[in-house]
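Quick note on numbering: the UniProt record's numbering labels position 118 of the sequence shown as 118, and the sequence is numbered without any gaps.
A virtual CB, placed ideally from N, CA and C, is assigned to each residue, including glycine.
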Amino acid sequence: MLGIQRACRRHVFPILSRRNATLQTSAEGSSQIPPSLLSTTSSATVPPENARSSTDLPTKSDEPSESSSAPKPRSKAIVPRRRPNISLENPRKWNPPVKKGLLPAYDEAMKLIEHDSKTLKKEATELRKRLEALSGGASGENVQDREAEVESIRKKLSILDIQAYINLPSVRWKAANGMADMTKPVYRQLVEQKWRTRGDLDLLMERIHQMNVIPDLLPTFHPSLDLRITFPEPPPQSTYLRTRVKRRHTAVEPGSYLLPEQTRRAPRLYTSVFHTETRLYTLAMIDPDVPDPENSSFTTYLHWLAPNIPLSATSKSPLVLAPPLTYYVPPHPQKGSPYHRYCLFLLPQPDAAQSMKIPVIKDDARRGFNLRKFCENHGYDVSAGGGAHMWREVWNDTVSDIYTDTLKLPEPVFAYPPVQDRYGEVKKQSKYSK
């Protein structure tokens with residue numbers, strides 16, 4: 001039985017398995033061109049319907065020459081270019097996602113948005129004319145009523161200046177792609193709205209409360225500006241590449257772990273400020289997790305203090321700071337201690353326009369620095385806003401170099417006290433008494 005099935009497969013299946021054959025009608029007739037000639041005929045030069053006729057056989061003149069059969073040079077690989085950086089110095093133009101006339105609904109929506117913008121601009125122009133007339137001080141008008149009306153017009157103008165542009169797609173695209181002109185109120189509104197509602201502020205507040213930065217250093221804190229920092233990326237593991245690879249600066253997420261090698265130099269500070277007038281701030285960087293074996297607790301260490309930093313909505317980033325009196329000391333978590341929290345604060349000064357004279361804090365006074373007392377003594381209001389950031393570090397071998405080269409101090413080593421064995425003396429005694 002098996003022999004019959006195998007014989008059937010040999011004779012029948014090859015006939016049924018011819019899948020490349022094509023059926024032709026009786027009108028066209030059978031083709032006289034051998035399969036080898038059909039395979040060499042170019043489909044780009046011979047139409048498909050004429051390829052079946054015997055009169056269109058290729059001649060020697062149509063055959064490819066030896067020169068054409070030479071190997072073609074290898075084409076260069078197309079390397080995708082990185083998207084160019086977008087900023088006010090390198091601007092890019094917004095292009096609508098749909099071509100005009102392709103989608104009527106989109107065109108009508110754009111017309112509605114533009115009409116609404118023009119209406120609000122016209123209303124703002126009329127209010128400005130009214131404001132100029134009131135500022136002239138017409139005779140016979142009550143001064144208090146005039147001042148109240150001027151104040152109400154100014155508030156309404158500040159709202160109209162935002163509403164007239166906030167729905168335009170080009171404005172929103174520029175705000176989302178780092179091309180926001182912070183001199184205009186609509187861009188300040190969009191950037192602040194993104195910071196407060198898209199998760200950046202929520203993540204910062206979660207980390208500083210979850211890791212007890214508040215209330216360990218300050219009783220309360222409500223950020224009013226966006227403070228971002230960057231450090232060099234981690235060094236490569238290869239010793240050969242460490243001195244040959246240029247490390248880029250990368251953004252630091254609040255609460256993330258960094259290596260002591262990354263923080264040997266001060267971070268780059270980036271801010272998004274939402275007030276137009278220039279105000280002075282004080283920068284403070286503190287480590288609240290320094291072991292204090294004398295009191296069986298932890299104390300603080302001041303790493304950086306820089307007062308009188310002018311900030312406004314048009315301040316350039318990264319910030320260029322003057323040489324501070326209390327210079328930057330790199331983080332150096334002690335061996336045997338848990339992870340250390342390194343906290344940055346931008347505190348608004350009591351007088352926004354007057355520089356403060358803060359005495360230089362010596363190296364001996366850095367340990368045990370109390371930020372609360374510092375704010376109380378100099379009149380800082382921690383509930384008035386500011387900026388904050390934090391990251392974490394643990395000890396590794398490179399911390400020893402910081403103690404040797406920067407601090408010029410012997411490196412301390414901490415450990416848990418040995419557990420006392422209550423039965424140590426009993427174990428030394430003989431099991432059997434004499």
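- Item | In DSSP terms, what residue 387 is bridged to | For the purposes of this step, residue 387 is taken as the residue at position 387 of the sequence shown. Here residue 387 is bridged, per DSSP, to 346.
- Look up residue 257 in the DSSP assignment and give the residues it is bridged to. Mapped onto the sequence shown, residue 257 falls at position 257. Answer is 392.
- Query: Less than 8 Å separating the beta-carbons of residue 395 and residue 258?
  - Reply: Position 395 of the sequence shown, counting from 1, holds the residue named residue 395. Position 258 of the sequence shown, counting from 1, holds the residue named residue 258. Their beta carbons are not under 8 Å apart, which means residue 395 does not touch residue 258 by this criterion.
- Query: By how many angstroms is the C-alpha of residue 216 removed from the C-alpha of residue 325?
  - Reply: For the purposes of this step, residue 325 is taken as residue 325 along the sequence shown, with counting starting at 1. For the purposes of this step, residue 216 is taken as residue 216 along the sequence shown, with counting starting at 1. The alpha-carbon atoms of residue 325 and residue 216 are separated by roughly 25 Å.
- Query: When the Cα of residue 279 is compared with those of 267, 194, 321 and 355, which residue comes out closest?
  - Reply: Indexing the sequence shown from 1 puts residue 279 at position 279. Among 267, 194, 321 and 355, the Cα nearest to that of residue 279 belongs to 355.
- Message: DSSP three-state label for residue 221, please.
- Response: Numbered from its first residue, the sequence shown carries residue 221 at position 221. Looking at residue 221 - three-state DSSP - the assignment turns out to be coil, as it is neither helix nor strand.
- Does the distance from the CB of residue 372 to the CB of residue 131 come in under 8 Å? Reading the sequence shown from its first residue, position 372 is the one you call residue 372. Reading the sequence shown from its first residue, position 131 is the one you call residue 131. No. Outside cutoff.
- Put residue 367 into one of helix, strand or coil per three-state DSSP. As a working note, residue 367 is residue 367 in the sequence shown. Looking at residue 367 - three-state DSSP - the assignment turns out to be strand.
- Message: Please identify the residue among 149, 268 and 199 whose C-alpha is closest to the C-alpha of residue 250.
- Response: Numbered from its first residue, the sequence shown carries residue 250 at position 250. It is 268.
- Extent of the continuous beta strand (DSSP E) run through residue 356: In the sequence shown, residue 356 corresponds to position 356, counting from 1. Per DSSP, residue 356 belongs to no beta strand (DSSP E) and is neither H nor E.
- Item | Delimiting residues of the beta strand (DSSP E) encompassing residue 286 | Start at 1 with the first residue of the sequence shown, and residue 286 comes out as number 286. Its beta strand (DSSP E) spans residues 279-292.
- Query: From the DSSP output, which residues share a beta bridge with residue 304?
  - Reply: Taking the sequence shown and counting its residues from 1, one reaches residue 304 at position 304. 285, per the DSSP bridge assignment.
- Option nearest residue 403 by Cα separation, candidates 305, 332 and 239: As a first step, residue 403 is located in the sequence shown; it is residue number 403 there, counting from the start. Minimum Cα distance to residue 403 is reached at 332.
- For residue 309, does the count of other Cβ atoms within 10 angstroms reach 16, so buried, or fall short, so exposed? The residue you call residue 309 lines up with position 309 of the sequence shown. By the neighbour-count criterion, in which 16 or more other beta carbons inside 10 Å mark a residue as buried, residue 309 falls on the buried side.
- Message: With DSSP as the reference, identify every bridge partner of residue 327, one or two as the case may be.
- Response: Within the sequence shown, numbered from 1, the residue matching residue 327 stands at position 327. Per DSSP, residue 327 has no beta-bridge partner at all.
- Message: Buried or exposed for residue 414, going by 16 or more other Cβ atoms inside 10 Å?
- Response: Position 414 of the sequence shown, counted from the start, is the residue given in the question as residue 414. Counting Cβ neighbours within 10 Å, residue 414 comes out exposed, since fewer than 16 surround it.
- Item | For residue 226, the first and last residue of its enclosing beta strand (DSSP E) | Counted from its first residue, the sequence shown places residue 226 at position 226. Its beta strand (DSSP E) spans residues 226-232.
- Query: For the region 332-348 against the region 282-299, are there 3 or more C-beta pairs whose distance is under 8 Å?
  - Reply: Contact holds between the region 332-348 and the region 282-299, because three or more Cβ pairs, one in each stretch, are under 8 Å apart.
- State the Cα-Cα distance for the pair residue 245 and residue 104, rounded to the nearest angstrom. Residue 245 sits at position 245 when you count from the first residue of the sequence shown. Residue 104 sits at position 104 when you count from the first residue of the sequence shown. The straight-line gap separating the alpha-carbon atoms of residue 245 and residue 104 is approximately 53 Å.
- Task: Pull up the distance between the alpha-carbon of residue 182 and that of residue 214, whole angstroms please.
- Result: Translated into the one-based positions of the sequence shown, residue 182 becomes position 182. Translated into the one-based positions of the sequence shown, residue 214 becomes position 214. Roughly 31 Å between the two C-alpha positions.
- Cβ contact check for the region 228-242 and the region 205-214: 3 or more pairs under 8 Å: Contact between the region 228-242 and the region 205-214 is not established, with fewer than three Cβ pairs separated by less than 8 Å.
- Contact belief for residue 369 with residue 302 at Cβ below 8 Å, rounded distance in angstroms: Position 369 of the sequence shown holds residue 369. Position 302 of the sequence shown holds residue 302. About 4 Å separates the two Cβ atoms, so the contact holds.
- Query: Does DSSP put residue 128 in a helix, in a strand, or in coil?
  - Reply: To locate residue 128, count along the sequence shown from 1; it is residue 128. Here residue 128 sits in helix by DSSP.
- Inter-residue CB distance, residue 270 and residue 207 (contact presumed, cutoff 8 Å): Working through the sequence shown from its first residue, we reach residue 270 at position 270. Working through the sequence shown from its first residue, we reach residue 207 at position 207. About 18 Å; that fails the 8 Å criterion.
- Query: Between residue 260 and residue 231, what straight-line distance do the alpha-carbon atoms span, to the nearest angstrom?
  - Reply: For the purposes of this step, residue 260 is taken as the residue at position 260 of the sequence shown. For the purposes of this step, residue 231 is taken as the residue at position 231 of the sequence shown. Cα to Cα, residue 260 sits roughly 11 Å from residue 231.
- Whole angstroms is fine: what's the gap from residue 422's alpha carbon to residue 432's? As a first step, residue 422 is located in the sequence shown; it is residue number 422 there, counting from the start. As a first step, residue 432 is located in the sequence shown; it is residue number 432 there, counting from the start. Going from the Cα of residue 422 to the Cα of residue 432 covers about 20 Å.
- Helix or strand or just coil, what does DSSP make of residue 166? Position 166 of the sequence shown, counted from the first residue, corresponds to residue 166. In the three-state reduction of the DSSP assignment, residue 166 falls in the coil class, being assigned neither a helical nor a strand state.
- Message: On the DSSP bridge list, what partners appear for residue 251?
- Response: Taking the sequence shown and counting its residues from 1, one reaches residue 251 at position 251. Under DSSP, residue 251 shares a beta bridge with 230.
- Query: Would you say residue 266 and residue 187 are within 8 Å of each other, going by their C-beta atoms?
  - Reply: Reading the sequence shown from its first residue, position 266 is the one you call residue 266. Reading the sequence shown from its first residue, position 187 is the one you call residue 187. No, the pair does not count as a contact, with Cβ atoms beyond the cut-off.
- Going by alpha carbons, who is nearest to residue 407 out of 242, 224 and 363? The residue labelled residue 407 in the question sits at position 407 within the sequence shown. Nearest of 242, 224 and 363 to residue 407, Cα basis: 363.
- Query: Apart from the five residues just before and just after residue 416, which ones in its own chain have a Cβ nearer than 7 Å to its Cβ?
  - Reply: Residue mapping note: residue 416 aligns to position 416 of the sequence shown, counting from 1. Around residue 416: no qualifying Cβ.
- Query: If you run the structure through DSSP and keep just helix, strand and coil, what is residue 435?
  - Reply: Residue 435 falls outside the range modelled here, since the chain spans only 1 to 434, and no answer is possible.
- Task: Go to residue 268, then tell me how far its beta strand (DSSP E) extends in each direction, as first and last residue.
- Result: Translated into the one-based positions of the sequence shown, residue 268 becomes position 268. Membership of residue 268 in the beta strand (DSSP E) is indicated by the continuous run 268-272.
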